[in-house]
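Residue numbers (full-length UniProt numbering), protein chains in the order written: chain A, 1 to 127; chain B, 1 to 127. All C-beta atoms in this analysis are idealised placements derived from N, C-alpha and C, irrespective of residue type, glycine included.
Protein chains: 2
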Amino acid sequence: MNISEVGKRSGLPPKTIRFYDDIGLIQPKRDTNGYRIFSESDLHRLAFLRRARALGFSVQECRQLLALYHDDTRASADVKALARTHLARIDQQLEELGQMRRTLADLIDSCAGDSRPDCPILRDLAR
Amino acid sequence: MNISEVGKRSGLPPKTIRFYDDIGLIQPKRDTNGYRIFSESDLHRLAFLRRARALGFSVQECRQLLALYHDDTRASADVKALARTHLARIDQQLEELGQMRRTLADLIDSCAGDSRPDCPILRDLAR
DNA sequence: CATGGCCCTTCCAGTTTGTGGAAGGTCAAG
DNA sequence: CTTGACCTTCCACAAACTGGAAGGGCCATG
Chain A
1 MNISEVGKRS
11 GLPPKTIRFY
21 DDIGLIQPKR
31 DTNGYRIFSE
41 SDLHRLAFLR
51 RARALGFSVQ
61 ECRQLLALYH
71 DDTRASADVK
81 ALARTHLARI
91 DQQLEELGQM
101 RRTLADLIDS
111 CAGDSRPDCP
121 ILRDLAR
Chain B
1 MNISEVGKRS
11 GLPPKTIRFY
21 DDIGLIQPKR
31 DTNGYRIFSE
41 SDLHRLAFLR
51 RARALGFSVQ
61 ECRQLLALYH
71 DDTRASADVK
81 ALARTHLARI
91 DQQLEELGQM
101 RRTLADLIDS
111 CAGDSRPDCP
121 ILRDLAR
């Protein structure tokens, strides 16, 4: 499989696949002309990566997840711990974002939004 | 006022203030020795920036907000439109993050988290 | 066989919003 | 005069790609 084929099948753009190769997340073989050759196993890793990234895991965490995945002697507790740490980070982001949203929505509600210059949003920022 | 003083008063680190100077968000005067000299007005702009950034506005949006703030003929509708666009972005992020959270929490719940290798989290990623 | 068009490669730069550090000038106190 | 705390600029790095340029490969058609 060449890179555009595996891109279609994994749902990742070729640029991203090259990037993952650069940082060692995959090690596809090379053809005599220098083209990358992807095995089913490479494709599998890439699809795994796409899903882990979609869940918001960092690339470093994806590296760890892949390592755990390929370790038959892993403890599921280790995977769960990784996921819990990530969940805590998501919860923190949700809280911060929610606070922003509340403040911003209040300010928007209090602004007339007409042609006059008076604006509670700017007044609050300049407070 | 020198940079560390205005840093304390605005709540921004000197490095960040220099950065805002570099990108033209502020234009402090310079002393004969090359040191930046900050006026009350510079301080005010920096505090404004800190609060706008804390609400999640991008640096570009902060630039526009500052321009609106200093424009006596602005329409509050323009400020409100900027804020609404930003709010929509926050809502989108909240939704994406909420979806991630749900999926991740479900996976975590389904994982025994013991010393055995079997793990629904990895199974889902490898699906 | 040459040409076109699409694929592949590497390398460099840019994105965003700063942060860390090095090298060197300045200033006030002792 | 020295010491320590400032200040300056400049370069590099962070995350996770994305865009583009320059150059080579491969296949099919004329």
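Inset, instruction - Might you give, ordered along the chain, the residues of its own chain that have their beta carbon closer than 7 Å to the beta carbon of Asp-124/A, omitting 5 neighbours on each side? - result: In chain order, Leu-107 place their CB closer than 7 Å to the CB of Asp-124/A, counting only its own chain and leaving out the 5 sequence neighbours on each side.
Inset, instruction - Label Ala-88/B either buried or exposed according to how many other C-beta atoms from any shown protein chain fall within 10 Å of its C-beta, with 16 as the threshold for buried. - result: It counts as exposed.
Legend entry - Neighbour-count burial assignment, Ile-26/B, 16 or more Cβ in a 10 Å radius: Looking at its Cβ environment, which holds 16 or more other Cβ atoms inside 10 Å, Ile-26/B is buried.
Inset, instruction - Report yes or no: is there a C-beta of chain B within less than 8 Å of the C-beta of Gln-64/A? - result: Judged by the 8 Å Cβ criterion, Gln-64/A is not in contact with chain B.
Legend entry - Close-in-space but distant-in-sequence residues of the same chain around residue 141/B (CB under 7 Å, 5 per side omitted): No answer is possible for residue 141/B: the residues shown for chain B start at 1 and end at 127.
Legend entry - Chain-order list of residues whose beta-carbon lies under 6 Å from that of Ile-23/B (same chain, five-residue window excluded): So the list is empty, once near-sequence residues are dropped.
Inset, instruction - With a 10 Å radius around its C-beta and 16 neighbouring C-beta atoms as the bar for buried, classify Ser-76/A as buried or exposed. - result: Flag for Ser-76/A reads buried.
Inset, instruction - Any chance you could list the alpha helix (DSSP H) runs of at least 4 consecutive residues sitting entirely within the UniProt domain "HTH merR-type" (1-68) of chain A, in chain order? - result: Given a length threshold of 4 residues, each whole run of the alpha helix (DSSP H) inside the UniProt domain "HTH merR-type" (1-68) of chain A is given here in chain order: 3-10, 14-22 and 40-54.
Inset, instruction - Could you pull out every residue in the same chain whose Cβ sits closer than 6 Å to the Cβ of Ile-121/A, ignoring the five residues on either side in sequence? - result: Same-chain partners within the cutoff: Leu-107 and Cys-111.
Legend entry - Sequence-distant residues of the same chain with beta carbon closer than 7 Å to Thr-85/A, five excluded per side: Closer than 7 Å at the Cβ level, and outside the excluded window around Thr-85/A, lies no residue.
Legend entry - Span separating the alpha-carbon of Ser-10/B from that of Arg-36/B: Cα-Cα distance, rounded: 15 Å.
Legend entry - Alpha-carbon to alpha-carbon, Asp-91/A and Ala-54/B: In a straight line, the C-alpha of Ala-54/B is about 18 Å away from that of Asp-91/A.
Inset, instruction - Taking Ser-115/A as part of the alpha helix (DSSP H), name the residues at either end of that continuous run. - result: Run containing Ser-115/A: none; DSSP gives neither H nor E here.
Inset, instruction - Write down the C-beta distance between Leu-94/B and Arg-101/A rounded to the nearest angstrom, noting that I regard them as a contact closer than 8 Å. - result: That belief holds up - the Cβ atoms of Leu-94/B and Arg-101/A are roughly 7 Å apart, short of 8 Å.
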